[in-house]
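Trainee: I'd like to ask some things about the structure below.
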């Protein structure tokens, strides 16, 4: 099989390997679509993604495909099923798992991060992590279940209430998904801060009440102009010092700021502690998706959320190293890799 192997900082090769055999409790998936995540970029450049990675490694944790072989003990699915998978394989035994914090499992196995993942023509996955996709769901839509699950966790962490005004920094894939989830949860207005005109138009098309170009306008001034001084929730998806600090300034008293982005391990921001104290601001992080994959798949199977308008393009496995290395390409939006060709854009394959 063909696979993209991360060999170390800025070093990825397209290799040939034997198709792996599933263990008794595993399934072999023919990978049809696999999204490129920001954490994949961090790993490629030698930083830490959602968890530490040791090369050689096949990255890719946002994938879908078809089950082509199952282990003898598998009961969750059968050969021919269209599936996606939760990449987080928590132990269900440590302190954090026992207390409902599965994302912080002390023994976490993470497909595509510390075990081989979906940037490959085939991948073995524990059957307990499998989720079934609807007949009319495309493989590309199915591959977006994992980032959507992370966004559902972010929306949960933000505690959006009916009638809230919500600001989302960034109209990349994560920002677009969070914007839609905010509307679904009853936000009265969702304001998106984004320098790219193309991405602002996309946000408006998908339901943003207002978009602001921060390169041309001071965000606080535009909010005031539109009588939006009372912002109950701000979600920052860019991972930038400037936007994270600005989020603390524009959120209302007793408002919530959610930081949703992988940053460098030593990245810092400045806090005005009196501002935090006197205005009773709540600051939260949002990390992975502890129990949200099933919820994400339900939304996708019901076609209740748009997970494809935000995509920049579909590329073969050979294009992946260039996408990871090129800031210019990634600036266009989220890419999806099709390891087994153009059939990955459809809803089924020829077995």
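In the numbering used here, the protein residues as written are -1 to 349. Virtual Cβ for every residue (Gly too), placed ideally from N, Cα, C.
(1) From 198, 307 and 177, pick the residue whose C-alpha is nearest to that of residue 188; which is it?
(2) If we ignore side chains and look at the alpha-carbon of each, how far apart do residue 78 and residue 97 end up?
(3) Within 8 Å, do at least three Cβ pairs link the region 153 to 162 to the region 60 to 76?
(4) Measure the Cβ-Cβ separation of residue 248 and residue 218 and say whether it is below 7 Å.
(5) Rounded to whole angstroms, how far is the Cβ of residue 85 from the Cβ of residue 69, which I believe are closer than 8 Å?
(6) Can you check which of these residues, 239, 246, 256 and 102, is closest to residue 264 by C-alpha distance?
(7) Rounded to whole angstroms, what's the CA-CA distance from residue 127 to residue 72? Just pull it up for me.
(8) In this structure, does DSSP put residue 50 in helix, strand or coil?
(9) At a cut of 8 Å, does the region 125 to 140 reach the region 34 to 43 through at least three beta carbon pairs?
(10) Considering only residues of the region 78 to 154, which uninterrupted beta strand (DSSP E) runs meet the minimum length of 3 residues and lie entirely inside it, listed in chain order?
(11) Quick one, are the C-beta atoms of residue 160 and residue 25 less than 7 Å apart?
(12) Counting C-beta neighbours from all protein chains within 10 Å, is the total for residue 329 16 or more, i.e. buried, or is it exposed?
(13) Going by the CB atoms, is the gap between residue 107 and residue 53 shorter than 7 Å?
(14) Should the region 340 to 348 be called in touch with the region 318 to 327, which here means at least 3 C-beta pairs below 8 Å?
(15) Taking C-beta to C-beta, are residue 168 and residue 115 nearer than 7 Å?
(16) Taking the C-alpha atoms as reference points, what is the distance between residue 3 and residue 184?
(17) Run through the region 176 to 258 for me and flag every whole beta strand (DSSP E) of 3 or more residues, listed as ranges in chain order.
(18) How would you write the range of the alpha helix (DSSP H) that residue 262 sits in, first residue to last?
(19) How is residue 13 classed by DSSP in three states: helix, strand or coil?
(20) Counting only the same chain and skipping the five closest in sequence on each side, list residues whose C-beta sits under 8 Å from that of residue 195.
(21) Between the beta-carbon of residue 56 and the beta-carbon of residue 8, is there less than 7 Å?
(22) Are the CB atoms of residue 311 and residue 30 nearer to each other than 7 Å?
(23) Hey, could you find the ends of the beta strand (DSSP E) residue 407 is sitting in?
(24) For residue 254 and residue 277, what's the separation of their Cα atoms in angstroms?
(25) In or out: residue 120 buried (at least 16 other Cβ within 10 Å) or exposed?
(26) Would you kindly work out how many angstroms separate the C-alpha atoms of residue 250 and residue 100, rounded to a whole number?
(27) How about residue 34 and residue 139: are their beta carbons less than 7 Å apart?
Mentor: Here's the rundown:
(1) Taking the chain shown and counting its residues from 1, the one referred to as residue 188 is at position 190. It is 177 whose Cα lies nearest to the Cα of residue 188.
(2) Mapped onto the chain shown, residue 78 falls at position 80. Mapped onto the chain shown, residue 97 falls at position 99. When rounded, the distance between both Cα atoms is 36 Å.
(3) no
(4) In the chain shown, the residue the question calls residue 248 occupies position 250. In the chain shown, the residue the question calls residue 218 occupies position 220. Going by C-beta atoms, residue 248 is nearer than 7 Å to residue 218.
(5) By one-based count along the chain shown, residue 85 stands at place 87. By one-based count along the chain shown, residue 69 stands at place 71. The Cβ separation is near 19 Å, so there is no contact.
(6) Here the question's residue 264 lines up with position 266 in the chain shown. Minimum Cα distance to residue 264 is reached at 239.
(7) Along the chain shown, one-based indexing puts residue 127 at 129. Along the chain shown, one-based indexing puts residue 72 at 74. Going by the C-alpha atoms only, they are around 11 Å apart.
(8) As a working mapping, residue 50 is identified with position 52 in the chain shown. The answer is coil: DSSP assigns residue 50 none of H, G, I, E or B.
(9) no
(10) 80 to 83, 120 to 124 and 128 to 130
(11) Taking the first residue of the chain shown as position 1, residue 160 is located at position 162. Taking the first residue of the chain shown as position 1, residue 25 is located at position 27. No; because the gap between Cβ atoms is not below 7 Å, this pair is not in contact.
(12) As a position in the chain shown, residue 329 is number 331, starting the count at 1. Under this definition residue 329 is an exposed residue.
(13) For the purposes of this step, residue 53 is taken as residue 55 along the chain shown, with counting starting at 1. For the purposes of this step, residue 107 is taken as residue 109 along the chain shown, with counting starting at 1. For residue 53 and residue 107, no; Cβs fall outside 7 Å.
(14) no
(15) Looking up residue 168 in the chain shown gives position 170. Looking up residue 115 in the chain shown gives position 117. No, Cβ-Cβ distance for residue 168 and residue 115 is not below 7 Å.
(16) Against the chain shown, residue 3 aligns to sequence position 5. Against the chain shown, residue 184 aligns to sequence position 186. Each residue's Cα considered, the two are about 43 Å apart.
(17) 187 to 191, 208 to 210, 231 to 234 and 254 to 257
(18) In the chain shown, counting from the first residue as 1, residue 262 sits at position 264. First-last for residue 262: undefined, no H or E at that position.
(19) The residue labelled residue 13 in the question sits at position 15 within the chain shown. Looking at residue 13 - three-state DSSP - the assignment turns out to be strand.
(20) If you number the chain shown from 1, residue 195 lands on position 197. Within the same chain, residue 195 has close Cβ partners 211.
(21) Position 58 of the chain shown, counted from the start, is the residue given in the question as residue 56. Position 10 of the chain shown, counted from the start, is the residue given in the question as residue 8. Contact: no.
(22) As a first step, residue 311 must be located in the chain shown, where it is residue number 313. As a first step, residue 30 must be located in the chain shown, where it is residue number 32. Result no, Cβ atoms of residue 311 and residue 30 do not sit closer than 7 Å.
(23) Summary: the structure shown does not reach residue 407, with the chain confined to residues -1 through 349, and so no result is reported for it.
(24) As a first step, residue 254 must be located in the chain shown, where it is residue number 256. As a first step, residue 277 must be located in the chain shown, where it is residue number 279. Looking at the two C-alpha atoms, the distance is approximately 11 Å.
(25) On the chain shown, residue 120 is found 122 positions in, with the first residue counted as 1. Buried.
(26) Against the chain shown, residue 250 aligns to sequence position 252. Against the chain shown, residue 100 aligns to sequence position 102. About 31 Å.
(27) Counting from one through the chain shown, the residue named residue 34 turns up at place 36. Counting from one through the chain shown, the residue named residue 139 turns up at place 141. Result no, Cβ atoms of residue 34 and residue 139 do not sit closer than 7 Å.
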